[in-house]
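See structure below.
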Amino acid sequence: MLKVPLPEQLSDRALMLLLGGICLLFILFISLPLAAVFLNLDLEKVTLQLKNPQILSALTVGLVTSFVATVASFAFGVPTAYLLATRKFPGRSLVDTILDIPIVLPPAVAGVALLLAFAPRGLLGPTLRESGVILPGSTLAVVLAQVFVASPFLLRSAKAAFENVDRALIDSAKILSASRLRVFITITLPLATHGLVAGAIMTWARSMGEFGATLMFAGNLPGVTQTMPLAIYMLLAEDPLASNVLSAILVLVSFTVLALFRLLGRRRYGARL
Amino acid sequence: MIELRSVSKRFGEREALRDVTLHVRRNELLSVVGPSGCGKTTMLNIVAGLCCPDQGEIIINKILVDGRVGRRKIHVTSSKRKVGYVFQNYALFPHMKVRDNVAYGLKAMHLPKSEVRERTRSLLGLVGLSHYSESYPHELSGGEKQRVALARSLVTNPEVLLLDEPLSALDTRNRETLRTEFKNLMKKLEVTSIYVTHDLSEACALSDRIAIMEGGRVEQMDHCDQILERPKSRFVADFLGLNVYDGRVVHDSSGMIMIRIGDTEIFGPAAGNPDGEIVLVTLRPEDVVLSAESAVKNQKWCGCTCNSLSGTVMEIVRMKSSAKVVVDVGFPMKSELTLSSLKDLGLTEGEKAYVQFKAESLNVLPVR
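Protein chains in written order, with the numbering used here: chain F, 8 to 280; chain E, 28 to 395.
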């Protein structure tokens, strides 16, 4: 006997089709440009481009500065995050907001702000010049721009990680005669490790991709301040293939970072460490 | 020995503890019972040194750990109080093996490795978990986790043990088994303990004395039997599930003490209450006997002043081993009886029944 679909079933199917269609369009919109980056490349072209001195120097500057920026963000971000997560003090919410601002700030504005603060004519410019430090045009400026823009990612992740450590575990350790330092090293830190590593990965990835603030504050000097995104921009007109190879590298880096991030997110203490 | 003297604590607008005074004797296990939010856990946290009282003094084994000496405020940190604490949700360190969890306190005290190993092994043996020493907490059942938590809290030889609803997260069977184990262990170890629970039967099974808390205050502290028979407030009687009525004392012409509850008069115990006094009357449901006949037949009651009232069965609630029957005798009266007695009586809801109880079973309190 022929089954006549009920109006309810029909509307369910129509809704699923509509949702599926929207989802497909969205996936295409994101994945098409990503795929396009790899379509014109083959191993031979990539190998050849990896010997290109400009690409090599951009890679080196990018990797070194992003690594230093991540270490610096970690060194300043983790203690600050711990303080914000575990202590109450007047103005804590304000401090939290200020430290988060770079996340929503347009990178060009971040560049201008850094210039106004640290350039020779900026707020601290004269003091820095007296000490023989001129930041714009230096690799240190690249690091500073990256720290400014990317460190809030570490701060947020670390703060959430510290906040998520069960208070009862800390109390339990204290009652068992552990000093504050021992509690931090043996309980808080191991339990917050996932969040700290995830934050560091995000910070590193954001530093690697930093463009606007670096260009405005540090400039675009090959071998000194030219990072990968800057090199991609410069090479786009004169050597599109080199620009394409660098873009492909950055897409791969981003993919790896996200894969690592998800892997870390899945690991909990339900499974053996 | 633990002593709290007029301890008060506020969290913002909420008064968590109000002028709490209690005393736990040496090697005694005192149970603190009360509904959620009554201040039980706050009290434990204050004794453990996890938070400071706003007022009052805490004394552990004759040492003032919270309070004032002259103008100087004293607060001994939790790490120096020599207390053991068993948390409701175990609070085991998830990234450490069972043996490392148990050994944590000993390592924090910088004891020699051999001693740490020996004491850890001994405590795991005591709670019957020697073969789980290499497991992680997530590999254990709820009962096993709580045993590890107990071993961890005892391994440092605390002078005081604080237990915050340690069995509440377990299923009934595990809870009963672990309750017996806890009781035996406590007797064996002889450690002064405070056991917080919201389960009255658990409290009565574990300890001689219990303190009942409500709204941050200790409503009554006494032996279990005494509290059940002579509750000192409406809250305690309600909390214990007793029959609670407002009444007025009436002396009849023969000199007997009667209590009028609504339009019904019942015999009361001879306690010297003045005529006309407004009183609170409590009666244990176990002391109310149900009968299908009006005559009091209980031989044991000969010579006692007995009350016999008739009414209609309003509700019958069957439980695991007993039943609760509510009879409307002008006011609702609960009676608790065994399932077999209920079966023998053959009562059904809406049917007529008689309730009988001794005048001496009534607990009469003047209303303040």
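Glycine is no exception: its CB is placed at the ideal position from the N, C-alpha and C atoms. Remember, predicted model here, so these are calculated numbers, not experimental data.
What's the gap between the Cα of residue 39 (chain E) and the Cα of residue 260 (chain E)?
-> Residue 39 (chain E) and residue 260 (chain E) have their C-alpha atoms spaced approximately 28 Å apart.
Of the choices E:100, E:169, E:243, E:361, whose alpha-carbon is the least far from that of residue 314 (chain E)?
-> E:361
Under a CB-based cut-off of 9 Å, is residue 159 (chain F) close to chain E?
-> It does not: the Cβ of residue 159 (chain F) has no partner Cβ on chain E nearer than 9 Å.
Does the distance from the CB of residue 379 (chain E) to the CB of residue 340 (chain E) come in under 9 Å?
-> yes
CA nearest to the CA of residue 196 (chain F), picked from F:183, F:170, F:219, F:208 = F:170
Are the CB atoms of residue 59 (chain E) and residue 240 (chain E) nearer to each other than 9 Å?
-> yes
Does any C-beta atom of chain E lie closer than 9 Å to the C-beta of residue 193 (chain F)?
-> yes
Whole beta strand (DSSP E) elements within the stretch 215–289 of chain E, 3-residue minimum = List check, beta strand (DSSP E) in window: 219–224, 236–241, 244–250, 270–278, 284–288.
Can you give me the Cβ contacts of residue 3 (chain F) inside the same chain, cut-off strictly under 8 Å, excluding the 5 residues immediately before and after it?
-> Residue 3 (chain F) is absent from the structure shown; chain F starts at 8 and stops at 280.
Given 8 Å, three or more beta-carbon pairs between the stretch 188–208 of chain F and the stretch 106–121 of chain F | no
For chain F, find out if any of its Cβ atoms is closer than 9 Å to the Cβ of residue 184 (chain E); answer yes or no.
-> no
With which residues is residue 339 (chain E) paired in a DSSP beta bridge?
-> E:355, E:379
Could you check the C-alpha separation between residue 124 (chain F) and residue 102 (chain F) for me, to the nearest Å?
-> 19 Å
Whole angstroms is fine: what's the gap from residue 277 (chain F)'s alpha carbon to residue 165 (chain E)'s?
-> Any reading at residue 277 (chain F) needs caution, since the residue's pLDDT is 46, under 50, leaving its predicted position unreliable; the model's value is listed next. If you take the alpha carbons of residue 277 (chain F) and residue 165 (chain E), they lie about 6 Å apart.
Chain F contact residues for residue 105 (chain E), given Cβ-Cβ distances below 7 Å = 181, 182
Any beta-carbon of chain E closer than 9 Å to the one on residue 279 (chain F)?
-> Note that residue 279 (chain F) scores a pLDDT of 40, beneath 50, so its modelled location is shaky; the value from the coordinates is reported in the next line. Yes, contact with chain E.
C-alpha gap between residue 119 (chain F) and residue 220 (chain F), whole angstroms | 8 Å
Beta-carbon proximity list for residue 258 (chain F), same chain, < 8 Å, skipping 5 on both sides = 41, 44, 45
In angstroms with no decimal places, state the Cα-to-Cα distance between residue 51 (chain F) and residue 57 (chain F).
-> 10 Å
Does any CB atom of chain F fall closer than 9 Å to the CB of residue 38 (chain E)?
-> The beta carbon of residue 38 (chain E) does not come within 9 Å of any beta carbon belonging to chain F, so the residue lies off that interface.
Compare the C-beta of residue 195 (chain E) against all C-beta atoms of chain F and say whether one is closer than 9 Å.
-> Contacts with chain F at 9 Å (Cβ-Cβ) do not include residue 195 (chain E).
Bridge partners of residue 292 (chain E), per DSSP?
-> E:287
Would you call residue 73 (chain E) buried or exposed, if buried means 16 or more other Cβ atoms sit within 10 Å of its Cβ?
-> buried
Those runs of the alpha helix (DSSP H) which lie wholly inside the stretch 29–109 of chain F and span at least 4 residues | 50–56, 60–93
Ends of the beta strand (DSSP E) at residue 111 (chain E)?
-> 110–113
In chain F, which residues lie less than 9 Å from residue 381 (chain E) when you measure between Cβ atoms?
-> By Cβ distance, chain F contributes nothing, its closest Cβ being about 53 Å from residue 381 (chain E), past 9 Å.
With a cut-off of 9 Å, does the C-beta of residue 179 (chain E) fall near any C-beta of chain F?
-> yes
Note down, in chain order, every chain E residue with its Cβ under 8 Å from the Cβ of residue 173 (chain F).
-> Here the neighbours are 118.
May I ask you to list, following chain order, the residues of the stretch 219–252 of chain F that have a beta carbon less than 8 Å from some beta carbon of chain E?
-> none
Should residue 149 (chain F) be labelled buried (16 or more other beta-carbon atoms within 10 Å of its own) or exposed?
-> buried
For residue 375 (chain E), count neighbouring C-beta atoms within 10 Å of its own C-beta (all shown protein chains included) and say buried if the count is 16 or more, exposed if not.
-> Taking a 10 Å sphere around the C-beta of residue 375 (chain E), we find fewer than 16 other C-beta atoms and assign the residue as exposed.
Roughly how many angstroms separate the alpha carbons of residue 184 (chain F) and residue 70 (chain E), rounded to a whole number?
-> 20 Å
Is the stretch 106–115 of chain E in contact with the stretch 173–187 of chain E, if contact means three or more CB pairs nearer than 8 Å?
-> yes
Using DSSP with H/G/I as helix, E/B as strand and the rest coil, what is residue 279 (chain F)?
-> Bear in mind that the predicted position of residue 279 (chain F) carries a pLDDT of just 40, short of 50, making it unreliable; the figure below should be weighed with that in mind. For residue 279 (chain F), the three-state secondary structure derived from DSSP is coil.
Cross-chain neighbours of residue 77 (chain E) in chain F, by beta carbon under 8 Å | 178, 181, 182
Which class does residue 81 (chain E) belong to by DSSP, given the choice of helix, strand or coil?
-> DSSP places residue 81 (chain E) in the coil class of the three-state scheme, outside both helix and strand.
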